[in-house]
Amino acid sequence: MNRSLLLLHRLQWSSSSWPRPSPPLLTTLSTPSSSMAATMESSVKGAEGLTARERRQLRNERRESKFNNWREEVEERLIKKPKKRYASWTEELNLDNLAELGLQWWAVRVARVSGQDSAERMARALARDFAHIEFQVFYPAVEVKRKLKNGTISNKPKSLFPGCVFLKCVLNKEIHDFIRECDGIGGFVGSKVGNNKRQINRPRPISAEDMEAIFVQVEEEQKKADIAFKEEQRSEAIFKEGKLNIESYLEDGDANGSTTDEKPKRRTRKSSKSAVNSSLIVEDEKLPTPGSSVRVLSGPFTEFVGSLKKLDHQTGQATVGFMLFGKESVVDLDVNQIVAETA
1 MNRSLLLLHR LQWSSSSWPR PSPPLLTTLS TPSSSMAATM ESSVKGAEGL TARERRQLRN
61 ERRESKFNNW REEVEERLIK KPKKRYASWT EELNLDNLAE LGLQWWAVRV ARVSGQDSAE
121 RMARALARDF AHIEFQVFYP AVEVKRKLKN GTISNKPKSL FPGCVFLKCV LNKEIHDFIR
181 ECDGIGGFVG SKVGNNKRQI NRPRPISAED MEAIFVQVEE EQKKADIAFK EEQRSEAIFK
241 EGKLNIESYL EDGDANGSTT DEKPKRRTRK SSKSAVNSSL IVEDEKLPTP GSSVRVLSGP
301 FTEFVGSLKK LDHQTGQATV GFMLFGKESV VDLDVNQIVA ETA
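Quick note on UniProt numbering: the sequence shown kicks off at 1 and runs consecutively.
What follows is the structure, given as C-alpha cells:
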C-alpha cells in the first residue's frame, strides 16, 4: 500500500516539476493515476470496519456462492439439452424402431373421393396377410340421411377429414411397406429424417388425447345430422298435412257448387271470365301486393303469418310462403283466406 502511494506521489511530482509534455502524454498519465486512487480509496474504506478473519470468511463465502451458481447453471443446461435417441443417422432411418413405441395410432393418406373404399381395401388386405397382428382402421365420417323422390331414405357417408384414414397397430418396416403398396394409399403422415445422402418420410404417431377429441367430434356431428333429418321430416309432414287439408277444403267447395248447379247454362268464354272475376276476385285496392306480409284467416294455416309470393287475379289463388322449422314452405291459398298483415 505504501509502495503504491509512493508511486502515486512520484507520478504527481514528475508531472508538476518536469517540463510540460504534449497533450496526449498528459491524458495517458492522468488516467491510471485517477483509477489507482479510486481503487485504493475503496479498498481502504472496505477494509476499515472488518478484521482479517472476517475478510477471509467473506472471501470464502463469495467463492462458494459463485461455485454453487455455476454448478446449478450447468445442471440446468444438461437437463434442458435433449438426449440423442439414435447413435447415428442410419439408425434413425430404420423403421423397425417404430415397434418400440407399441400400439399407436397412425394417420394414412388416401384419395379424397374414394377414401372409404381405400380404407376397406386396406383393412381386408391386413386381415388376409397379417392375421396374427392386432389392428384397427378408423375412417371418420358421418352418415347423412336424405329422403329421395321415390320415398326411400339414402344413407351417404360424409367424411370429416377428407383424404385421411387412421390406423392403430404396432408399426414396423414390413407393415409400413405393405400398407404403402395398397391401392389408393398415399403413405403415412410424418416428417422427413436423414441427411443429404438419404432421406425418408418417418411416420409420426398420434397422441391418445388427439384421437379422443376426434371420436368426440364424430359423435357430435352425427347427432347434429340426425336432428337435422328429423326436423326435415317433421316439416315435410306438416307441409303435406296442410296441403291435403287445403285440397280437401277446395274439393268440398267444388262439391257444394256442383250440387246447387247440376246443369249450368252454357256460357261464352267472355261471359265465364267476367263471372269468375266477379265471384272470386275482390277489388284490386283491397288485395295485398306480392312481397307483402299476409295473415291467414281460415283453413289449416289459420293465424299463420307469411309472405305473399304470387297472386293470380283470374283464378283467385294466392301463393304464400311460411317459415316452418327454419325452412320456407310454399302453400296455395284462396285470396279470401288471407288479409294484409298490419304492423
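Yeah, the Cβ is synthetic: ideal placement off N, Cα and C, and Gly gets one too.
Open item on the list: Per DSSP, what are the beta-bridge partners of V142 in this structure?
Closed with: Your numbering for residue 142 matches position 142 in the sequence shown. According to DSSP, which records beta bridges pairwise, V142 is partnered with K158.
Open item on the list: What does the alpha-carbon distance come out to for the pair K149 and G321?
Closed with: As a position in the sequence shown, residue 149 is number 149, starting the count at 1. As a position in the sequence shown, residue 321 is number 321, starting the count at 1. Each residue's Cα considered, the two are about 22 angstroms apart.
- [ ] Examine the Cβ distances between the region 167–175 and the region 191–200 and report whether three or more of them are shorter than 8 angstroms.
- [x] no
Open item on the list: Tell me the rounded alpha-carbon separation between S293 and L308.
Closed with: The residue given as residue 293 occupies position 293 in the sequence shown. The residue given as residue 308 occupies position 308 in the sequence shown. If you take the alpha carbons of S293 and L308, they lie about 6 angstroms apart.
Task: Spatial distance of F138 from A213 (CA atoms) - done: As a first step, residue 138 must be located in the sequence shown, where it is residue number 138. As a first step, residue 213 must be located in the sequence shown, where it is residue number 213. Rounded to whole angstroms, F138 to A213 spans 14 angstroms at the Cα level.
- [ ] May I have the straight-line CA-CA distance separating V142 from F188, to the nearest angstrom?
- [x] Locating residue 142 in the sequence shown gives position 142, counting from the first residue. Locating residue 188 in the sequence shown gives position 188, counting from the first residue. Looking at the two C-alpha atoms, the distance is approximately 23 angstroms.
- [ ] Determine the direct distance from the alpha carbon of A127 to that of residue 410, and round the result to whole angstroms.
- [x] Any property of residue 410 remains undetermined from this structure, which presents the chain solely from 1 to 343.
Open item on the list: Are there any heavy atoms of the ligand GDP lying less than 7 angstroms away from the beta-carbon of L308, as far as the coordinates show?
Closed with: You won't find the ligand GDP in this model; it holds no ligand whatsoever.
TODO: Please list, in chain order, all residues of the same chain as residue 390 whose beta carbon is under 6 angstroms from its beta carbon, the five residues on each side excluded.
DONE: Outside the displayed range of the chain (1 to 343) lies residue 390, so it cannot be described from this structure.
- [ ] Please report the residue range of the alpha helix (DSSP H) in which S118 lies.
- [x] Locating residue 118 in the sequence shown gives position 118, counting from the first residue. Per DSSP, S118 belongs to the alpha helix (DSSP H) from G115 to D129.
TODO: Look at V335 and G306 and say whether their C-beta atoms are less than 8 angstroms apart.
DONE: Walking along the sequence shown from the start, residue 335 turns up at place 335. Walking along the sequence shown from the start, residue 306 turns up at place 306. No, the Cβ-Cβ distance between V335 and G306 is not below 8 angstroms.
Open item on the list: According to DSSP, is Q314 part of a helix, a strand, or is it coil?
Closed with: In the sequence shown, the residue the question calls residue 314 occupies position 314. Correct three-state label for Q314: coil.
- [ ] With a cut-off of 8 angstroms on the beta carbons, I'd call K168 and F135 a contact; round off their distance for me.
- [x] Position 168 of the sequence shown, counting from 1, holds the residue named residue 168. Position 135 of the sequence shown, counting from 1, holds the residue named residue 135. Going by Cβ atoms, the distance from K168 to F135 rounds to 6 angstroms, so yes, they are a contact pair.
TODO: Identify whether V335 lies in helix, strand or coil by the three-state DSSP scheme.
DONE: For the purposes of this step, residue 335 is taken as the residue at position 335 of the sequence shown. DSSP places V335 in helix when its eight states are reduced to three.
- [ ] Consult DSSP for I214 and reduce its assignment to one of helix, strand or coil.
- [x] Along the sequence shown, read from residue 1 onward, the residue named residue 214 stands at position 214. In the three-state DSSP reduction, I214 falls in the helix class (H, G or I).
- [ ] State the beta-bridge partners of I206 as determined by DSSP.
- [x] Against the sequence shown, residue 206 aligns to sequence position 206. Among the bridge pairs identified by DSSP, I206 is matched with W105.
TODO: Ignore the nearest five residues each way along the sequence and tell me which others in F161's own chain have a CB closer than 6 angstroms to its CB.
DONE: Working through the sequence shown from its first residue, we reach residue 161 at position 161. Once the five neighbours on either side are set aside, the close Cβ partners of F161 are P140.
Open item on the list: Just to confirm my understanding: we take P288, look at its own chain, exclude 5 residues before and 5 after, and list those with CB closer than 6 angstroms. What are they?
Closed with: Counting from 1 along the sequence shown, the entry for residue 288 is found at position 288. If we look at P288 and ignore the five residues flanking it on each side, its Cβ neighbours are V294, L308 and A340.
Task: Touch test, the region 179–186 against the region 114–127, Cβ-Cβ under 8 angstroms, three pairs minimum - done: yes
Open item on the list: Can you tell me whether P290 is buried or exposed? The criterion is at least 16 other CB atoms within 10 Å of its CB, across all chains shown.
Closed with: Here the question's residue 290 lines up with position 290 in the sequence shown. Label assigned to P290: exposed.
TODO: Determine the DSSP secondary structure at V137, reduced to helix, strand or coil.
DONE: Within the sequence shown, numbered from 1, the residue matching residue 137 stands at position 137. Looking at V137 - three-state DSSP - the assignment turns out to be strand.
TODO: Provide the residue span of the alpha helix (DSSP H) that contains A197, from first to last.
DONE: Position 197 of the sequence shown, counted from the first residue, corresponds to residue 197. Looking at the sequence provided, one finds Lys at residue 197 rather than Ala. K197 -> no alpha helix (DSSP H), and no H or E assigned at all.
Task: Residue span of the alpha helix (DSSP H) that contains K173, given as start and end - done: Residue 173 sits at position 173 when you count from the first residue of the sequence shown. Unbroken alpha helix (DSSP H) run through K173: K173 to R180.
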